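Engineer:
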Amino acid sequence: MSHHQPDPNKSVTLTIDGKPVTVPEGTRILEAAKKANVNIPTLCEHPELCKRALCRICVVEADGRGKLIAACANDVWEGVSIVTTNQRLLNIRKTIVELILANHPQDCLSCIRNKKCELQSLALSFGIGASLFENDAQERQPQIESETLVRNMDKCVKCGRCVEVCQEVQTIRAINTSHRSYEYEISTPYKQALEESFCTFCGKCAEVCPVGAIYEHDQTAEVRAALNDKSRKVIAQVSPNLAVAVNDELALSADTITTGKLITAIKLLGFDKVFDASIAENAVNAEIAGEVKQRGNGGKLLPVISGCSEGVANFIKNFYPDLADHLTTVKSSRRYFASSIKSGYAKETGVELSNITSVSFLPCLAHKYGAGSPQDFAITAKELVRMLKLAGIVVETLAETSFDNINIDLPKQESSVKKETVHGYAQARKVMEAIRDGKCETEWVEILNCPESDSC
Ligand code: SF4
Ligand code: SF4
Ligand code: FES
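Under numbering that gives the first Met the number 0, think of the first position of the sequence shown as 0, with each following residue one higher.
1) Please report the residue range of the alpha helix (DSSP H) in which residue 429 lies.
2) Would you kindly work out how many angstroms separate the C-alpha atoms of residue 209 and residue 373, rounded to a whole number?
3) Look at residue 325 and residue 304 and say whether their C-beta atoms are less than 9 Å apart.
4) With a cut-off of 8 Å, do at least 3 Cβ pairs link the stretch 405–415 to the stretch 280–289?
5) Given the structure, does residue 41 come close to ligand 3, in the sense that its CB is under 8 Å from one of the ligand's heavy atoms?
6) To the nearest angstrom, how far is it from the Cα of residue 224 to the Cα of residue 370?
7) Which residue from 173, 119, 338 puts its Cα closest to that of residue 353?
8) Using a 10 Å radius around the Cβ and a threshold of 16 neighbouring Cβ atoms, would you call residue 390 buried or exposed?
9) Do residue 54 and ligand 3 come close, with the Cβ less than 8 Å from some heavy atom?
10) Under the rule that 16 or more other beta-carbon atoms within 10 Å means buried, what is residue 436, buried or exposed?
11) Are there three or more Cβ pairs, one per stretch, closer than 8 Å when the stretch 63–73 is compared with the stretch 112–127?
12) In three-state DSSP terms, what is residue 360?
13) Kindly confirm or deny that the stretch 322–336 and the stretch 378–397 touch, where touching means at least three C-beta pairs closer than 8 Å.
14) Shorter than 8 Å, the distance from the beta carbon of residue 29 to the closest heavy atom of ligand 3, or not?
15) Should residue 253 go down as buried or exposed, given a rule of 16 or more other Cβ atoms within 10 Å for buried?
16) Helix, strand or coil, according to DSSP, for residue 51 in the structure here?
17) Please classify residue 183 as buried or exposed, where buried requires at least 16 other C-beta atoms within 10 Å of its C-beta.
18) Flag this pair as touching only if the stretch 425–442 and the stretch 154–171 have three or more C-beta atom pairs under 8 Å; answer yes or no.
19) Taking 8 Å as the cut-off, does the CB of residue 92 come closer than this to any heavy atom belonging to ligand 3?
20) Report the CB separation of residue 69 from residue 55 in whole angstroms; it is logged as a contact under 8 Å.
21) Within the same chain, show all residues whose beta-carbon is closer than 8 Å to that of residue 27, passing over the 5 residues directly before and after it, in chain order.
22) In chain order, which continuous runs of the alpha helix (DSSP H) of length 4 or greater are located wholly inside the stretch 69–121?
23) In whole angstroms, what is the alpha-carbon distance linking residue 378 and residue 200?
24) Since residue 37 contacts residue 91 with CB under 8 Å, what's their CB separation in whole angstroms?
25) What are the boundary residues of the alpha helix (DSSP H) that includes residue 212?
26) For the candidate residues 441, 106, 204, 125, whose alpha-carbon lies nearest to that of residue 86?
27) Based on the DSSP output, what are the partners of residue 235 in its beta bridges?
28) Run through DSSP, which three-state label would residue 442 get?
29) Measure the Cβ-Cβ separation of residue 158 and residue 42 and say whether it is below 9 Å.
30) Tell me the DSSP secondary structure of residue 451 in three-state form.
31) Report whether the distance from the Cβ of residue 351 to the nearest heavy atom of ligand 3 is below 8 Å.
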């Protein structure tokens with residue numbers, strides 16, 4: 000195998016389990032196999048992350064020499080004959096899964112990732128019921144909870160995905176690896192709490208974790224308790240992007256569940272009012288635009304820096320403390336809903352403010368950070384799906400309902416401002432450097448947690 004730079008304009012022909020396939024040079028064996036409709040099982044691999052080849056589940060044989068190579072980490076080469084399935088490979092993969100399970104809490108039924116866990120599906124596909132190896136995971140580590148994320152490192156399969164996404168994609172480095180071999184573990188620097196680290200609570204680590212080792216802090220029980228309390232009014236705001244995330248979570252095609260159907264479902268859960276989250280979002284945008292104009296008049300502290308969630312302020316304070324004065328003083332749209340819109344609703348209906356619970360349904364868990372009041376919750380698409388399943392509500396079958404109206408005075412955006420939206424922290428760093436160097440021409444920089452999405 001030569002080590003020259005692959006040229007994607009050149010093609011390579013090989014066979015996978017006897018099927019000929021032609022792919023561009025530089026294609027990984029795993030991807031070539033997909034093209035040949037051959038599924039090689041994986042665990043540590045993630046399509047959006049680099050090659051790590053830590054778990055070895057994806058081993059295949061090349062050129063009949065019995066040599067084992069990781070399909071996720073090796074590129075194809077001309078004429079190679081790859082074997083992905085034979086008794087030897089199946090035994091190797093099964094043993095790897097059994098060894099992981101031997102050191103894993105066997106509590107799938109009560110795990111938050113039950114039926115959505117990559118380790119569980121591997122075990123099922125290899126016909127592994129209970130692990131043959133003695134379960135040596137007696138010393139349990141405490142579950143570490145924050146208001147946003149829960150970490151249960153007993154369940155960690157050491158795939159390294161979270162470390163890579165935090166360090167390389169988001170450039171935050173709030174989590175790292177320590178020790179080697181059997182002692183290898185995923186931790187925070189000095190084992191500090193995430194709150195004490197540089198974490199921005201973007202939630203990317205939870206998103207890529209294949210098992211139940213990092214996940215969102217589930218607040219559905221608290222929300223259900225509020226719904227069951229007859230003395231309380233519970234109001235919701237629903238993000239326009241929630242339906243996309245719910246369809247994703249239920250593995251349905253994009254338009255199966257619409258916002259209208261979700262409104263009906265949320266009402267069926269017992270919510271008193273369901274408002275459009277764009278109301279709070281527009282009000283926040285108008286206030287920030289006003290702040291831009293105000294600062295512009297004084298000629299200092301532009302651009303204004305805002306974020307899709309409260310964690311963005313951590314990023315600025317930890318990495319660019321000299322720019323902290325640029326941060327907007329306007330609260331996030333989630334907090335805006337929990338204060339301004341909630342008090343508007345209290346005034347409109349005469350209900351005591353302290354008897355109102357507000358719930359923001361937003362696709363991603365980053366919004367859980369910086370809750371403010373214990374009576375206000377941010378619920379993700381995953382949590383909503385859990386609530387609906389528990390209540391036996393099948394959203395697909397429901398009729399559509401419209402959002403409720405609210406009759407309160409909200410700020411309106413009077414003038415347009417020059418705004419730049421930045422995706423993820425790697426890109427945000429470039430813009431922050433430009434601000435430092437006085438090379439940022441824009442009046443308002445909005446940082447979104449996710450490198451890949453337009454809004455959330
Ligand atoms: S939430 Fe984001 S910043 Fe925090 S540890 Fe996870 S990936 Fe890193
Ligand atoms: S916490 Fe999850 S993503 Fe991180 S190494 Fe462990 S299993 Fe992989
Ligand atoms: S999936 Fe290839 S080594 Fe883990």
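Heads up, the beta-carbon is just placed ideally off N, CA and C, and yes, glycines get one too.
Quantities reported herein were computed from a predicted structural model and do not represent experimental measurements.
Structural biologist: Well, looking at it:
1) In the sequence shown, counting from the first residue as 1, residue 429 sits at position 430. 423–435 is the extent of the alpha helix (DSSP H) around residue 429.
2) Taking the sequence shown and counting its residues from 1, the one referred to as residue 209 is at position 210. Taking the sequence shown and counting its residues from 1, the one referred to as residue 373 is at position 374. The alpha-carbon atoms of residue 209 and residue 373 are separated by roughly 30 Å.
3) As a position in the sequence shown, residue 325 is number 326, starting the count at 1. As a position in the sequence shown, residue 304 is number 305, starting the count at 1. Yes, Cβ-Cβ distance for residue 325 and residue 304 is below 9 Å.
4) Enough Cβ pairs lie closer than 8 Å, so yes.
5) Translated into positions along the sequence shown, residue 41 becomes position 42. Result yes, Cβ under 8 Å from ligand 3.
6) Counted from its first residue, the sequence shown places residue 224 at position 225. Counted from its first residue, the sequence shown places residue 370 at position 371. Approximately 18 Å between the Cα atoms of the pair.
7) If you number the sequence shown from 1, residue 353 lands on position 354. The residue with the shortest Cα to Cα distance from residue 353 is 338.
8) The residue labelled residue 390 in the question sits at position 391 within the sequence shown. A residue is called buried when at least 16 other Cβ atoms come within 10 angstroms of its Cβ; residue 390 does not meet this threshold and is exposed.
9) Counting from one through the sequence shown, the residue named residue 54 turns up at place 55. Using a cutoff of 8 Å, the CB of residue 54 counts as near ligand 3, since one of the ligand's heavy atoms is closer than that.
10) Here the question's residue 436 lines up with position 437 in the sequence shown. In summary, residue 436 is exposed, with fewer than 16 beta-carbon neighbours lying within 10 Å of its beta-carbon over all protein chains present.
11) No contact exists between the stretch 63–73 and the stretch 112–127.
12) By one-based count along the sequence shown, residue 360 stands at place 361. Taken through DSSP and simplified to helix, strand or coil, residue 360 comes out as strand.
13) Contact fails: fewer than three Cβ-Cβ distances are below 8 Å.
14) In the sequence shown, residue 29 corresponds to position 30, counting from 1. Correct: residue 29 has its Cβ closer than 8 Å to ligand 3.
15) Your numbering for residue 253 matches position 254 in the sequence shown. Exposed is the call here.
16) As a position in the sequence shown, residue 51 is number 52, starting the count at 1. The three-state secondary structure of residue 51, taken from DSSP, is coil.
17) Within the sequence shown, the letter at position 184 stands for residue 183. Around the beta carbon of residue 183, a 10 Å sphere encloses fewer than 16 other beta carbons of the protein chains shown; the residue is thus reported as exposed.
18) Result yes; three or more Cβ-Cβ pairs closer than 8 Å.
19) Residue 92 sits at position 93 when you count from the first residue of the sequence shown. No; taking the cut-off as 8 Å, the Cβ of residue 92 has no heavy atom of ligand 3 nearer than that.
20) To locate residue 69, count along the sequence shown from 1; it is residue 70. To locate residue 55, count along the sequence shown from 1; it is residue 56. Residue 55 and residue 69 do touch by the CB rule: their CB atoms are close to 6 Å apart, below 8 Å.
21) Against the sequence shown, residue 27 aligns to sequence position 28. Apart from the 5 residues on each side of it in sequence, residue 27 sits with its Cβ closer than 8 Å to the Cβ of 50, 70, 71, 72, 73, 74, 75 in its chain, given in chain order.
22) Here the runs fully enclosed are 86–101.
23) Here residue 378 refers to the residue found at position 379 of the sequence shown. Here residue 200 refers to the residue found at position 201 of the sequence shown. Using only the alpha carbons, I get a separation of about 15 Å.
24) As a working mapping, residue 37 is identified with position 38 in the sequence shown. As a working mapping, residue 91 is identified with position 92 in the sequence shown. With a contact defined as Cβ atoms closer than 8 Å, residue 37 and residue 91 miss out at about 17 Å.
25) On the sequence shown, position 213 is the one that residue 212 refers to. First-last for residue 212: undefined, no H or E at that position.
26) Residue numbering aside, residue 86 sits at position 87 when the sequence shown is read from its first letter. Cα-wise, what sits closest to residue 86 is 125.
27) Position 236 of the sequence shown, counted from the first residue, corresponds to residue 235. Residue 235 is bridged to 273, 358.
28) Reading the sequence shown from its first residue, position 443 is the one you call residue 442. Here residue 442 sits in coil by DSSP.
29) By 1-based counting over the sequence shown, the position of residue 158 is 159. By 1-based counting over the sequence shown, the position of residue 42 is 43. Taking the C-beta atoms as reference points, residue 42 is found nearer than 9 Å to residue 158.
30) For this step, residue 451 is matched to residue 452 along the sequence shown. Coil at residue 451, not helix or strand.
31) The residue you call residue 351 lines up with position 352 of the sequence shown. Answer for residue 351: no, Cβ out of range of ligand 3.
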